[in-house]
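A.B. asks: Here you go, one structure.
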Amino acid sequence: MQFRGGPFKRFVALTLFCAVSAIAGYVLAQPPGSGPGRFELGRLLPPGIRDQLNLDPEQTRGIAALEQVAREKLERILTVEQKRIASNWRPSFGPGRGSDIQVQVSNKPGPTLNVAAPLTVQKNNDEPKLELKGDIIEGGLGDASREGGMRGVRLLSAVDRNNDGQHAGSASWTIEGLKPSVGRWYSFRVRALVQDGFKVEKAGSPRLTVSFFRDKGTNSLDQISKSMSDAMLRDRDNLKDEGTNKNLGAATWRWHGFEFRTPFPEVDTVKLSVSFEGGSGAPQESELWISEVVISPIPDRSAIEPVQARPFPAKEDLVPI
Numbered sequence: 003m004q005f006r007g008g009p010f011k012r013f014v015a016l017t018l019f020c021a022v023s024a025i026a027g028y029v030l031a032q033p034p035g036s037g038p039g040r041f042e043l044g045r046l047l048p049p050g051i052r053d054q055l056n057l058d059p060e061q062t063r064g065i066a067a068l069e070q071v072a073r074e075k076l077e078r079i080l081t082v083e084q085k086r087i088a089s090n091w092r093p094s095f096g097p098g099r100g101s102d103i104q105v106q107v108s109n110k111p112g113p114t115l116n117v118a119a120p121l122t123v124q125k126n127n128d129e130p131k132l133e134l135k136g137d138i139i140e141g142g143l144g145d146a147s148r149e150g151g152m153r154g155v156r157l158l159s160a161v162d163r164n165n166d167g168q169h170a171g172s173a174s175w176t177i178e179g180l181k182p183s184v185g186r187w188y189s190f191r192v193r194a195l196v197q198d199g200f201k202v203e204k205a206g207s208p209r210l211t212v213s214f215f216r217d218k219g220t221n222s223l224d225q226i227s228k229s230m231s232d233a234m235l236r237d238r239d240n241l242k243d244e245g246t247n248k249n250l251g252a253a254t255w256r257w258h259g260f261e262f263r264t265p266f267p268e269v270d271t272v273k274l275s276v277s278f279e280g281g282s283g284a285p286q287e288s289e290l291w292i293s294e295v296v297i298s299p300i301p302d303r304s305a306i307e308p309v310q311a312r313p314f315p316a317k318e319d320l321v322p323i
């Protein structure tokens, strides 16, 4: 980059360039939910950078002298109105808006349930019945001041919430209306976020489970389950990016699930569960969040009629093999 003119013009241009670059870096480095303070005329290093440089006394004095010169020259160059605009300037982009954003958190218990007809979810007081056991709670997911106001269940791998000496728990929903005439194949999925500090010692945990019942859920028959552990560990390795700011974390929303077939045609009710055992997570960021649960029938091939019916060939037209 080249500047034309005398030394004074080059100095002013360089000072403005450094100031704008520092402001941009400061804005982009702000954590969600907080914003940069007012712009200080002549300031070359924003506090976020200055605090990490560990400047010695001589460097601090040198930078202060440079900023003083820049401040005095800008005071003479800028008009009163321009200085007012500069001192009150705040960015209108990026994650530094914080309190400027108002997010409404849903008061409807989570997670979101997507249940395809003819299936229905068992309810309690007109709300989907959610059965929680052990170290699992229902509530808002994330910081409502800067994230979407969604709710769900939180598996706590580092908290013994019920004081039973174990870190374990489960969340379950009862689904009714299964009919063999519709088909016996189904898809069960959950949308989950595994925080970086979530950890379990129990092999195969956490786990998705489907329990089968007959007679409107009164008689238990069987169950099938699938571990989420392998997929979680694989995602942690595959999605790791050394270029990502570690303060942001590596947790990512992912879908987990499987397809299943009811073991008996008498099955009319299933219980969907998410569970974990042997939690040994870090003190912070040690939860697994579930924001959405989906179950839907998979039509049998025999239930799909051909687009155009074809008559069976006459016996005399068949060729012996």
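Per the working numbering, the sequence shown starts with residue 3, numbered consecutively. In this text, a Cβ means the ideal position worked out from N, Cα and C, and glycines have one as well. In this text, all values refer to a predicted model and were calculated from it rather than measured experimentally.
1) I'd like the list of long-range same chain contacts for G281, defined as Cβ closer than 6 Å, with 5 residues on each side in sequence excluded.
2) Which residues share a DSSP beta bridge with K135?
3) Would DSSP call A311 helix, strand or coil?
4) Alpha carbon to alpha carbon, how far is A88 from L68? Give it in angstroms, no decimals.
5) Compare the beta carbon distance of R358 and G44 with 8 Å and say whether it is the shorter of the two.
6) What span of residues does the beta strand (DSSP E) with D224 cover, start to end?
7) Would you report the Cα separation of S185 and V295, rounded to the nearest angstrom?
8) Closest to T254 by C-alpha separation, out of P59, E289, K85, Y188, would be which residue?
9) Could you compute how far the alpha carbon of P301 sits from the alpha carbon of P267?
10) Which value, in whole angstroms, describes the spacing of the CA atoms of R236 and G206?
11) If you run the structure through DSSP and keep just helix, strand and coil, what is R1?
12) Taking DSSP as the reference, what is the three-state secondary structure of A316?
13) Between the segment 259-277 and the segment 220-237, do three or more beta carbon pairs fall short of 8 Å?
14) So K204 is in the alpha helix (DSSP H); what residue range does that whole segment cover?
15) If we ignore side chains and look at the alpha-carbon of each, how far apart do R120 and P130 end up?
16) For the segment 271-278 against the segment 175-195, do three or more pairs of beta-carbon atoms, one drawn from each stretch, fall closer than 8 Å, so that the two count as touching?
17) Residues in the same chain with beta-carbon distance under 7 Å from K204, minus the five sequence neighbours each way, listed in chain order, please.
18) Assuming R153 and E133 form a contact by the criterion Cβ under 8 Å, report the distance between their Cβ atoms to the nearest whole angstrom.
19) How far does the beta strand (DSSP E) with I297 in it extend, from its first residue to its last?
20) I need the boundaries of the beta strand (DSSP E) containing L210, first residue and last residue.
21) Thinking just about the alpha-carbon of each residue, which of F215, P299, W175 is nearest to the one in P265?
22) Using the C-alpha atoms, what's the distance from P113 back to A233?
23) Do we get a CB-CB distance below 8 Å when we pair N240 with the residues of chain C?
24) Please classify E268: does DSSP put it in a helix, a strand, or coil?
25) I need the straight-line Cα distance from L115 to G179, nearest angstrom please.
26) Can you give the Cα-Cα distance for N127 and A252, rounded to whole angstroms?
27) Could you tell me the alpha carbon to alpha carbon distance between T220 and V212, rounded to whole angstroms?
28) Can you tell me where the alpha helix (DSSP H) holding E261 begins and where it ends?
29) Between the Cα of N165 and those of R156, Q310, K135, spot the shortest distance and give me the residue it belongs to.
30) For K327, list the residues DSSP reports as bridge partners.
31) Which residue wins for smallest C-alpha separation from R156, given the options D162, G142, G167?
32) Quick check: the Cα distance between I323 and A316, rounded to an integer number of angstroms?
C.D. replies: Judging by the given coordinates:
1) For the purposes of this step, residue 281 is taken as residue 279 along the sequence shown, with counting starting at 1. Closer than 6 Å at the Cβ level, and outside the excluded window around G281, lie S159, H169, V202.
2) Counted from its first residue, the sequence shown places residue 135 at position 133. Its beta-bridge partners are S172.
3) Counted from its first residue, the sequence shown places residue 311 at position 309. In this structure, A311 counts as coil in the three-state DSSP scheme.
4) Translated into the one-based positions of the sequence shown, residue 68 becomes position 66. Translated into the one-based positions of the sequence shown, residue 88 becomes position 86. Whole-angstrom Cα-Cα distance: 19 Å.
5) Because the chain spans 3 through 323 in this model, residue 358 falls outside it and cannot be assessed.
6) For the purposes of this step, residue 224 is taken as residue 222 along the sequence shown, with counting starting at 1. Start and end: 221-229.
7) Stepping through the sequence shown from its first residue, residue 185 is reached at position 183. Stepping through the sequence shown from its first residue, residue 295 is reached at position 293. Note that residue 185 is Gly in the sequence shown here, rather than Ser. Whole-angstrom Cα-Cα distance: 20 Å.
8) Along the sequence shown, one-based indexing puts residue 254 at 252. Of P59, E289, K85, Y188, the residue nearest in Cα terms is E289.
9) On the sequence shown, residue 301 is found 299 positions in, with the first residue counted as 1. On the sequence shown, residue 267 is found 265 positions in, with the first residue counted as 1. Distance between the alpha carbons of P301 and P267 is about 15 Å.
10) Looking up residue 236 in the sequence shown gives position 234. Looking up residue 206 in the sequence shown gives position 204. C-alpha separation (whole angstroms): 14 Å.
11) The structure shown does not extend to residue 1, since the chain is modelled only from 3 to 323, so the question has no answer here.
12) The sequence position of residue 316 within the sequence shown is 314, counting from 1. Three-state DSSP puts A316 in coil, outside helix and strand.
13) yes
14) Taking the first residue of the sequence shown as position 1, residue 204 is located at position 202. Note, K204: premise wrong, no alpha helix (DSSP H); not H, not E.
15) By one-based count along the sequence shown, residue 120 stands at place 118. By one-based count along the sequence shown, residue 130 stands at place 128. The displayed chain sequence assigns Pro, not Arg, to residue 120. Distance between the alpha carbons of P120 and P130: 16 Å.
16) yes
17) Here residue 204 corresponds to residue number 202 of the sequence shown, with the count starting at 1. E279, G280.
18) As a working mapping, residue 153 is identified with position 151 in the sequence shown. As a working mapping, residue 133 is identified with position 131 in the sequence shown. 16 Å between Cβ atoms; not a contact.
19) Against the sequence shown, residue 297 aligns to sequence position 295. Looking at the DSSP string, the run of the beta strand (DSSP E) that includes I297 is 289-300.
20) Taking the first residue of the sequence shown as 1, we reach residue 210 at position 208. 209-216 is the span of the beta strand (DSSP E), which, as asked, contains L210.
21) Walking along the sequence shown from the start, residue 265 turns up at place 263. Ranking F215, P299, W175 by Cα distance to P265 puts F215 first.
22) What you label residue 233 is simply residue 231 of the sequence shown in a count that begins at 1. What you label residue 113 is simply residue 111 of the sequence shown in a count that begins at 1. Going from the Cα of A233 to the Cα of P113 covers about 21 Å.
23) This model lacks chain C altogether; it includes just one protein chain.
24) Locating residue 268 in the sequence shown gives position 266, where the first residue counts as 1. In this structure, E268 counts as coil in the three-state DSSP scheme.
25) Against the sequence shown, residue 115 aligns to sequence position 113. Against the sequence shown, residue 179 aligns to sequence position 177. Approximately 15 Å between the Cα atoms of the pair.
26) Stepping through the sequence shown from its first residue, residue 127 is reached at position 125. Stepping through the sequence shown from its first residue, residue 252 is reached at position 250. Rounded to whole angstroms, N127 to A252 spans 38 Å at the Cα level.
27) Walking along the sequence shown from the start, residue 220 turns up at place 218. Walking along the sequence shown from the start, residue 212 turns up at place 210. Approximately 15 Å, taken between the alpha carbons.
28) In the sequence shown, residue 261 corresponds to position 259, counting from 1. Not the alpha helix (DSSP H): E261 falls in the beta strand (DSSP E), residues 255-263.
29) Within the sequence shown, numbered from 1, the residue matching residue 165 stands at position 163. Answer by Cα proximity: K135.
30) Since the first and last residues shown for the chain are 3 and 323, residue 327 lies out of range.
31) For this step, residue 156 is matched to residue 154 along the sequence shown. Residue G142 is the option with its Cα nearest to R156.
32) By 1-based counting over the sequence shown, the position of residue 323 is 321. By 1-based counting over the sequence shown, the position of residue 316 is 314. Their backbone Cα atoms lie some 16 Å apart in a straight line.
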